[in-house]
Amino acid sequence: MPDALLRVTSASAGYRGVIVVREVSLSVAASDIALVVGPNGAGKSTLVKAVIGELPLLGGRIEFDGIDVSGWNEERRAVSGVGYVPQTRDVFPTLSVTENLEVGGYRLPGRECRRAIAQTFERFPALEKLRHRKANQLSGGERKQLAIARALMSDPKVVILDEPTAGLAPRIAHMVLEELVVGLGELGRGVLLIEQRVTLAAAIASHVTVLVDGAVRYAASGQEFRAVPDVSSLFFGTEEAAVGGGAGKSKENPW
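According to this note's numbering, the residues represented by the sequence shown are -3 to 251, in order.
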């Protein structure tokens, strides 16, 4: 198994001392698309905030590239190679496409930033045609391309995507997952994907973790998850019912 770029071990997190996510373990290697799904209120957003450093851990640890970053703040984790695309406020609406990319590359010296923008436009040619357009004038799909492109400006090893298809039409959602998210994996990035469109997202996932009530109910390879007869039972019933009464997978995430 490839070495994990991101490893979450028995992580617990919450708000004002109240635990929302309990002892969650998962990992993401280079080129992996690690999918986390679950019903509303399962703790997916809380998990993301703990991973990026917005929330402190109440237990467990988080490692990036073999280094324990549990005590690091959000800025330090970002500098170390963790890119984040939030569900909302993912771009600056009144700035142009180019200006948004410049913000994404603000840590780079001027010449390097310009080179990174040129490389980004090679990777996302549709954005180059829109380089002077303000982000609030883009379509949903164009805006999501920009959000992902902006995250790549810092050349992260791991990209965390929080429900990237939220609010998008089905056709655009399919494009975002099949082209943009898969493209990140093809670039060698590890991807931690939080997504509500379970069937679409599972089709591209290397691994799938199901969160229910803040804990891991099920964890398996993408191939194994796609073979589950009744996925909804993983969310609202029991693991045994979902997998047809067999032994199923351990709640301990094997990655």
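No residue lacks a Cβ here, since even glycine has one placed at the ideal position from N, Cα and C.
Under the rule that 16 or more other beta-carbon atoms within 10 Å means buried, what is residue i, buried or exposed?
| i | result |
| --- | --- |
| D(-1) | exposed |
| I144 | buried |
| E175 | exposed |
| P250 | Because the pLDDT of P250 is 36, which lies under 50, any placement of that residue in the model is unreliable, and the number read from its coordinates should be weighed accordingly. With fewer than 16 Cβ atoms within 10 Å of its Cβ, P250 is classed as exposed. |
| G10 | buried |
| K45 | buried |
| I113 | buried |
| G79 | buried |
| Q141 | buried |
| F231 | buried |
| H128 | exposed |
| A165 | exposed |
| T90 | exposed |
Would you list the one or two residues that DSSP bridges to residue i?
| i | result |
| --- | --- |
| F60 | L2 and I63 |
| G55 | S8 |
| I15 | G10 |
Assuming residue i and residue j form a contact by the criterion Cβ under 8 angstroms, report the distance between their Cβ atoms to the nearest whole angstrom.
| i | j | result |
| --- | --- | --- |
| I58 | A7 | 6 angstroms |
| A169 | R193 | 6 angstroms |
| G207 | G39 | Rather than Gly, the amino acid found at residue 207 in this sequence is Leu. Right, the Cβ-Cβ distance comes to about 5 angstroms (below 8 angstroms), so this counts as a contact. |
Any heavy atom of the ligand ZN closer than 7 angstroms to the Cβ of residue i?
| i | result |
| --- | --- |
| I156 | This structure does not include the ligand ZN; it has no bound ligands of any sort. |
Exercise for the section: Count the CB pairs spanning the region 179 to 188 and the region 24 to 43 that are closer than 8 angstroms, and state whether there are at least three. Expected result: yes
Problem - Inside the region 18 to 42 only - beta strand (DSSP E) runs reaching at least 3 residues - result: 29 to 33
Problem - Every unbroken beta strand (DSSP E) within the region 139 to 210, with a cutoff of 3 residues, ordered by chain - result: 154 to 158, 186 to 190 and 203 to 208
Practice task
Would you be able to state if there are at least three C-beta pairs under 8 angstroms between the region 223 to 233 and the region 115 to 128?
Solution key: no
Practice task
Report yes or no: do the region 57 to 75 and the region 213 to 222 share at least 3 C-beta pairs separated by less than 8 angstroms?
Solution key: no
Problem - contact_flag[the region 160 to 167, the region 99 to 107] where n(CB pairs < 8 angstroms) is 3 or more - result: no
Handout entry: Three CB pairs or more closer than 8 angstroms across the region 148 to 156 and the region 88 to 102
Key = yes
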